[in-house]
Amino acid sequence: MTEQPRPRRLTEAEKEARHQAVLNESLQASAISIPFAVGGSYVLHRYWGFYRNLSLPFKTLLGICVPTAVFLTVSDRAAMRADRELIDRFAVIRSDALIRPPPKKEFSWTAEGIKNYAIDNRYYVVGLGWLGTATGMMLYTWRRRDITTSQKIINARMAAQALAIGGIAATAFVGALPDKNEPVVDPHFERVVNAQKN
1 MTEQPRPRRL TEAEKEARHQ AVLNESLQAS AISIPFAVGG SYVLHRYWGF
51 YRNLSLPFKT LLGICVPTAV FLTVSDRAAM RADRELIDRF AVIRSDALIR
101 PPPKKEFSWT AEGIKNYAID NRYYVVGLGW LGTATGMMLY TWRRRDITTS
151 QKIINARMAA QALAIGGIAA TAFVGALPDK NEPVVDPHFE RVVNAQKN
C-alpha cells in the first residue's frame with residue numbers, strides 16, 4: 001500500500017484552527033495582564049502625585065495600553081511560531097536548521113571594525129550614549145544654584161536627546177558607507193539543492 005502524499009496547502013478548517021489558537025493564546029495572556037495593570041495603577045495613584053492628578057479617562061487609557069501591548073506581543077510571537085510549524089510541514093528542510101545565531105565577530109580598532117560594531121550594536125551604543133550623557137549632564141549641573149532642579153533635568157534630557165539623534169544619524173551615515181567586497185557563502189544552498197535532487 002503506497003503512502004498518500006501530504007497536501008501542499010492548508011485546508012480551511014486547519015487555517016481556522018491556526019487563527020483560533022493564536023487568538024486564544026493572545027486573549028489569555030492579555031487577561032492575565034489586566035490584574036497587573038490595575039495593581040500598577042493603584043500603586044501609582046497612591047504614591048505618585050503626578051499620576052494621581054491625571055484625569056480618569058487618561059488613567060483608563062494608560063491602563064488599557066498594558067493588556068493591548070501584551071495582546072499584540074503575544075499574538076505576534078504565537079503567529080511566528082505557527083508559521084514555523086507550517087514551514088516545517090511543507091518545507092524541504094526544517095526551519096530550526098535555518099535559525100542559527102550569527103557567528104560572533106571579533107572587534108578590531110580599525111575603521112571597518114568600528115563601523116561594523118556601530119551598525120551591529122546601534123541600539124546599545126545609542127542607549128548607553130543617552131544614559132551616559134544624561135548622567136554626566138546631571139552631575140555637571142547638580143551643584144549649580146542658579147537653576148532649579150527641574151531645569152537641570154530638562155537640560156540633561158535635551159543634551160542626551162541631542163546626542164541620541166546625532167548617534168542615530170551617525171549610525172545611518174556609517175551604514176551607508178560601502179563595504180569591502182567579500183564573498184559570502186550560503187550554508188543552506190547546497191542542502192536545499194541536494195534535497196530537491198533526491
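Start counting the sequence shown at 1; every next residue gets the next number (UniProt numbering). Every residue gets a Cβ at the ideal spot worked out from N, C-alpha and C, and that includes glycine. Keep in mind it's a predicted model, so treat the numbers as computed, not measured.
Start-to-end residues for the alpha helix (DSSP H) that takes in residue i
{"i": "serine 30", "result": "12-47"}
{"i": "arginine 122", "result": "122-141"}
Anticipated Cβ contact below 8 Å, residue i with residue j, distance rounded
{"i": "glycine 129", "j": "glycine 167", "result": "5 Å"}
{"i": "serine 30", "j": "lysine 59", "result": "Not really, about 19 Å apart at Cβ, beyond 8 Å."}
{"i": "arginine 157", "j": "alanine 176", "result": "Arginine 157 to alanine 176, Cβ: 29 Å. No contact."}
Cβ shell of residue i (< 7 Å), same chain only, five flanking positions each side left out
{"i": "alanine 164", "result": "Val126, Gly129 and Trp130"}
{"i": "serine 26", "result": "Phe71, Val74, Ser75 and Ala78"}
{"i": "isoleucine 64", "result": "none"}
Minimum C-alpha distance to residue i - residue among the options
{"i": "methionine 80", "options": "Thr149, Val22 and Ala170", "result": "Val22"}
{"i": "glutamate 14", "options": "Arg89, Ala118 and Tyr117", "result": "Arg89"}
{"i": "threonine 11", "options": "Asn24, Ser55, Leu86 and Arg46", "result": "Leu86"}
Cβ shell of residue i (< 8 Å), same chain only, five flanking positions each side left out
{"i": "alanine 82", "result": "Arg18, Ala21 and Val22"}
{"i": "proline 67", "result": "Ser30, Ala31, Ser33, Ile34 and Ala37"}
{"i": "threonine 141", "result": "Ile147, Lys152, Asn155 and Ala156"}
Close Cβ partners of residue i (< 6 Å) along its chain, the five nearest in sequence each way excluded
{"i": "leucine 44", "result": "Tyr51"}
{"i": "alanine 160", "result": "Trp130, Thr133 and Ala134"}
heavy atom of the ligand NAP below 8 Å from residue i C-beta
{"i": "glycine 166", "result": "The ligand NAP is not part of the structure shown, which contains no ligands of any sort."}
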